[in-house]
Amino acid sequence: MGSRRLPARSTRIGSAEPMSATTAARRVAFGPSLGRSAVVIGIGVGMLLAVAVASMLAGTSRIGVGDAVGIVVHRVTGFGPVTWSPAAETIVWELRLPRVVAGMVVGAGLATAGAVFQALLRNPLADPYLIGPAAGASLGAVIALLLPVATVGLLGIGLVQVLAFAGGLLAVIVVLAIARGHAGTPVVTLLLAGYAISSLLSAGVALLIFNSGERLGAVISWLLGSLAGASWPRVGFAAPLIVITFSLLLLRWRSLNALLLGESQAAHVGIDVEREKRILVGLAALSTSAGVAISGTIGFVGLVVPHLVRLAIGPDHRLLLPASMLFGAGLLGLADLGARLAGGIPVGVVTALIGAPFFLWLLRRSVVGTRSSR
Amino acid sequence: MAPRRPIVPLSVALLFLVTACARPADATPAASAAPTASSTASDPAPSTAASATTFPVTVTDDLGRELVLTAEPSRIVSLAPSNTEIVCALDACDRLVGVTDYDDYPPEVADVDDVVIAASVDVELVVATEPDLVLAAGNELTPTSVIEQLDALGLPVLVLYPETLDAVYANIELMGAALGRAPAAADLVAGMEARVGEVVAVVEGAERPLTLYEVFHSEGTTYTAGEGSFLAALLELAGAAPLTGDAQGAIGPEDLVAADPELILLGTASYDPSLADPQAALEAVGRRAGWAELRAVQAGAVVPYLEDIVTTRPGPRIVDGLEALARAIHPDRFR
Numbered sequence: 002m003g004s005r006r007l008p009a010r011s012t013r014i015g016s017a018e019p020m021s022a023t024t025a026a027r028r029v030a031f032g033p034s035l036g037r038s039a040v041v042i043g044i045g046v047g048m049l050l051a052v053a054v055a056s057m058l059a060g061t062s063r064i065g066v067g068d069a070v071g072i073v074v075h076r077v078t079g080f081g082p083v084t085w086s087p088a089a090e091t092i093v094w095e096l097r098l099p100r101v102v103a104g105m106v107v108g109a110g111l112a113t114a115g116a117v118f119q120a121l122l123r124n125p126l127a128d129p130y131l132i133g134p135a136a137g138a139s140l141g142a143v144i145a146l147l148l149p150v151a152t153v154g155l156l157g158i159g160l161v162q163v164l165a166f167a168g169g170l171l172a173v174i175v176v177l178a179i180a181r182g183h184a185g186t187p188v189v190t191l192l193l194a195g196y197a198i199s200s201l202l203s204a205g206v207a208l209l210i211f212n213s214g215e216r217l218g219a220v221i222s223w224l225l226g227s228l229a230g231a232s233w234p235r236v237g238f239a240a241p242l243i244v245i246t247f248s249l250l251l252l253r254w255r256s257l258n259a260l261l262l263g264e265s266q267a268a269h270v271g272i273d274v275e276r277e278k279r280i281l282v283g284l285a286a287l288s289t290s291a292g293v294a295i296s297g298t299i300g301f302v303g304l305v306v307p308h309l310v311r312l313a314i315g316p317d318h319r320l321l322l323p324a325s326m327l328f329g330a331g332l333l334g335l336a337d338l339g340a341r342l343a344g345g346i347p348v349g350v351v352t353a354l355i356g357a358p359f360f361l362w363l364l365r366r367s368v369v370g371t372r373s374s375r
Numbered sequence: 059m060a061p062r063r064p065i066v067p068l069s070v071a072l073l074f075l076v077t078a079c080a081r082p083a084d085a086t087p088a089a090s091a092a093p094t095a096s097s098t099a100s101d102p103a104p105s106t107a108a109s110a111t112t113f114p115v116t117v118t119d120d121l122g123r124e125l126v127l128t129a130e131p132s133r134i135v136s137l138a139p140s141n142t143e144i145v146c147a148l149d150a151c152d153r154l155v156g157v158t159d160y161d162d163y164p165p166e167v168a169d170v171d172d173v174v175i176a177a178s179v180d181v182e183l184v185v186a187t188e189p190d191l192v193l194a195a196g197n198e199l200t201p202t203s204v205i206e207q208l209d210a211l212g213l214p215v216l217v218l219y220p221e222t223l224d225a226v227y228a229n230i231e232l233m234g235a236a237l238g239r240a241p242a243a244a245d246l247v248a249g250m251e252a253r254v255g256e257v258v259a260v261v262e263g264a265e266r267p268l269t270l271y272e273v274f275h276s277e278g279t280t281y282t283a284g285e286g287s288f289l290a291a292l293l294e295l296a297g298a299a300p301l302t303g304d305a306q307g308a309i310g311p312e313d314l315v316a317a318d319p320e321l322i323l324l325g326t327a328s329y330d331p332s333l334a335d336p337q338a339a340l341e342a343v344g345r346r347a348g349w350a351e352l353r354a355v356q357a358g359a360v361v362p363y364l365e366d367i368v369t370t371r372p373g374p375r376i377v378d379g380l381e382a383l384a385r386a387i388h389p390d391r392f393r
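Protein chains in written order, with our numbering: chain A, 2 to 375; chain B, 59 to 393.
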């Protein structure tokens, strides 16, 4: 019972004072009950599957459940009678499925990165875009969109994706380099440098938008975040990066848990704080940039999902990271389904429309709810 | 401690899931519907002398891309109203299986399913029509990302983007070749050329008024014919000296006042009923900062121009647009 309440309070939004080392340590040691975690993970997996199936059926052209499932089974296993038209197969296998998978992969990457940044910066407002990857990726993508040359396909992915990925990583590298001093990389300096670099890059983006002429539409729809251009090669580009960075981040759960206590406490338990910080930021930035490269800048997933998951199962990163990944994937998949059903509006608009009120609700709950419950 | 176990298998499982999904696509990057082979038998070519063309035919679009058509296309998707008009002018309207919701000419295209809705191409609907030819537009009217997506799906796409009258003729002839209607296309082009010749003859020798064609006006900036643009060329053929903006057609208020046009054609009146009345239009533009002193406004030479669609849509009716322009610029020569 105690373990149900404590995590929620310790990470409530806007909590000014860091939790004391002893309570946090106890929490990390005890963790949430296995049963509760299993339920949460189960819900996450169920949501993922439900969204995947619903997304295969939803669309402007009508394709029945049997055909949709049959097509996927046929393409994966090669078995089963073909009862559908080639067009239906193209729609399900080349349009809908890569889009669903792309949404889930990006959502997983953003939510994982968000969880890491929130632990690292010990800042409830931290999201994966805070220290520059979004602005860097945007500048890269917009440059690629406005280049007069015909976009050259590289391994089936476009120049836009390549430059967005490179821009996102480059921005974080520059921020890390600027923020690094003799005494390591203070978190505040990291945040401020990230803010300044983001502003600078955004100014570049704004300048390019102003001069984008007839490509304005393409630029805006990229900046709003959209999965409409999803394809297997793009999934093949982002998915391995996101899965690998996720695995590497999960292996560093001890560092993440220790950093929750504060940097000096983490150092006391034998963590090389400066080294871990750089590695964690690098991995999270890699995950974010890979996602943003194929989807544009989709907001709120990386901010809201880790909060939500932490409320449910507590701050232990052994569970928090996989659960964030699951719910990030499910939530972005769901948002994209909504975006498609709403007539193809950009998915970034949907995540903001759902995410912002939800975040406000969390905020109110943390201010009002905890006080009344005491 | 307990929860540590389930995690590793979970992430491994996910890794498998993702790679399993990605692998078949890597093996066959463009595996998808190739409808050309299956759909030929369904539609016997309407028998006219026009179908003298023998397939396969190789055509080159305005992006310089070559497309081999193995058989006469019978299921055509048009992603721009100008493309639709060309197809119908070649008497192939019945082969259209997808158009835009903006298509309004000829009237029978209203019955064809829309695959472009609110200016955005619904790729799923395009695929669902099982087209054997997709006619896209250039200059981002069909977004480059959509063209790339259609290419990747293995659909035969032609991109048409004519920037001159000659290019419109070339597009019509290209479509004639692609649709097996080359003689009809040649006749159509010859007729258009003759009418253009007549307009040029009528306005020949007339004084060329410095003319502002207003495409759009916002926050003091007027969008008009861009320098070297199709619209500028048409204005010139119609006997005007076009006042041009920058490459995007934008002209700022200071440059406009300095240039001081003698004639203003409000293309905007085609869409804004409040500008359709000449007197109301004159008053409306007179209220804009600096405009009251323009020669055109002083002389009352502000014309609500209601033929913007045919004037800016690069299809067969572009000649109607040219004639309307000439009439608006030189009404005295068209009595």
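We put the beta carbon where it would ideally sit given N, CA and C, even for glycine.
Check your understanding: Starting from residue 227 of chain B and walking both ways along the beta strand (DSSP E), at which residues does that stretch end?
Key -> Taken as a continuous stretch (DSSP letters only), residue 227 of chain B belongs to no beta strand (DSSP E), being part of the alpha helix (DSSP H) at 223-237.
Check your understanding: When the Cα atoms are used, what is the spatial distance from residue 410 of chain A to residue 130 of chain A?
Key -> Summary: the structure shown does not reach residue 410 of chain A, with chain A confined to residues 2 through 375, and so no result is reported for it.
**Study point:** Length-filtered (4 minimum) alpha helix (DSSP H) runs lying within the region 123-147 of chain A
**Key:** 134-147
Review point. Roughly how many angstroms separate the alpha carbons of residue 236 of chain B and residue 347 of chain B, rounded to a whole number?
Key: 51 Å
Exercise for review: Give the DSSP-derived three-state secondary structure of residue 229 of chain A in the structure shown.
Suggested key: coil
Exercise for review: Check whether the Cβ atoms of residue 331 of chain A and residue 52 of chain A lie closer than 8 Å to each other.
Suggested key: yes
**Study point:** Under 9 Å from the C-beta of residue 172 of chain A: neighbouring residues of chain B
**Key:** By Cβ distance, chain B contributes nothing, its closest Cβ being about 24 Å from residue 172 of chain A, past 9 Å.
Exercise for review: For the beta strand (DSSP E) holding residue 194 of chain B, just list the boundary residues, first then last.
Suggested key: 191-195
Point to revise | Contact list for the region 148-182 of chain B against chain D, Cβ threshold 7 Å | key: Here the protein chains are A and B, and chain D is not one of them.
Check your understanding: Alpha carbon to alpha carbon, how far is residue 284 of chain B from residue 178 of chain B?
Key -> 25 Å
Point to revise | Neighbourhood of residue 188 of chain A by C-beta distance below 6 Å, restricted to the same chain and skipping five residues each side | key: 122
Practice item. Return the Cβ separation of residue 356 of chain A and residue 301 of chain A in integer angstroms, given the expectation that the two are a contact with Cβ distance under 8 Å. Key: 3 Å
Exercise for review: For chain B, find out if any of its Cβ atoms is closer than 8 Å to the Cβ of residue 214 of chain A; answer yes or no.
Suggested key: yes
Practice item. Take residue 100 of chain A and list the residues in its own chain whose beta-carbon comes closer than 6 Å to its own, dropping the five residues that flank it on each side. Key: 228 and 231
Review point. Mind pulling the chain B residues with CB within less than 7 Å of residue 92 of chain A?
Key: 182, 185 and 186
Check your understanding: With 16 other CB atoms within 10 Å as the buried threshold, where does residue 318 of chain A fall?
Key -> buried
Exercise for review: Note down, in chain order, every chain B residue with its Cβ under 7 Å from the Cβ of residue 275 of chain A.
Suggested key: Near residue 275 of chain A there are no residues of chain B at all, since even the closest Cβ is about 27 Å away, more than 7 Å.
**Study point:** Beta carbon of residue 298 of chain A nearer than 8 Å to that of residue 114 of chain A
**Key:** no
Exercise for review: Please list the residues of the region 322-335 of chain A that have a C-beta atom closer than 7 Å to any C-beta atom in chain B, keeping them in chain order.
Suggested key: 323
Review point. Just reading off the alpha helix (DSSP H) that residue 356 of chain A is part of, what are its end residues?
Key: 348-365
Check your understanding: Does DSSP put residue 80 of chain A in a helix, a strand or coil?
Key -> If DSSP states are grouped into helix, strand and coil, residue 80 of chain A belongs with coil.
Review point. Taking Cβ-Cβ distances below 7 Å as the criterion, which residues of the region 53-65 of chain A are in contact with chain B?
Key: If the cut-off is 7 Å between Cβ atoms, the region 53-65 of chain A has 60, 61 and 62 near chain B.
Review point. How big is the Cα-Cα spacing for residue 272 of chain A and residue 259 of chain A?
Key: 8 Å
Review point. How about residue 194 of chain A and residue 180 of chain A: do their beta carbons lie closer than 8 Å?
Key: yes
**Study point:** Residues near residue 308 of chain B by beta carbon distance below 7 Å, same chain, minus five either side
**Key:** 279 and 281
Check your understanding: Should the region 251-271 of chain B be regarded as contacting the region 162-169 of chain B, the criterion being three or more beta carbon pairs within less than 8 Å?
Key -> Fewer than three Cβ pairs drawn from the region 251-271 of chain B and the region 162-169 of chain B lie within less than 8 Å of each other, which leaves the two stretches out of contact.
Review point. Which residue from A:209, A:41 and A:167 puts its Cα closest to that of residue 137 of chain A?
Key: Closest by C-alpha distance to residue 137 of chain A, out of A:209, A:41 and A:167, is A:167.
Practice item. Report yes or no: is there a C-beta of chain A within less than 8 Å of the C-beta of residue 131 of chain B? Key: no
Check your understanding: Skipping 5 residues on each side, what residues in its chain have a beta carbon closer than 7 Å to that of residue 48 of chain A?
Key -> These residues qualify, in order along the chain: 331.
**Study point:** Beta-carbon neighbours of residue 198 of chain B, restricted to chain A and to distances below 8 Å
**Key:** 215, 216, 218 and 219
Exercise for review: Please name the residue or residues paired with residue 178 of chain B in a DSSP beta bridge.
Suggested key: B:175
Review point. The beta strand (DSSP E) spanning residue 275 of chain B covers which residue range?
Key: 274-276
**Study point:** Interface residues of the region 70-100 of chain A facing chain B [CB-CB below 9 Å]
**Key:** 76, 77, 86, 87, 88, 89, 90, 91, 92, 94, 95, 96, 97, 98 and 99
Check your understanding: If you measure from the beta carbon of residue 296 of chain A to each beta carbon in chain B, is any gap under 8 Å?
Key -> no
Review point. For a contact meaning CB atoms closer than 7 Å, what does residue 201 of chain B contact in chain A?
Key: 218 and 219
Point to revise | Other residues of its chain near residue 191 of chain B: CB distance less than 6 Å, five sequence neighbours each side excluded | key: 131, 134 and 214
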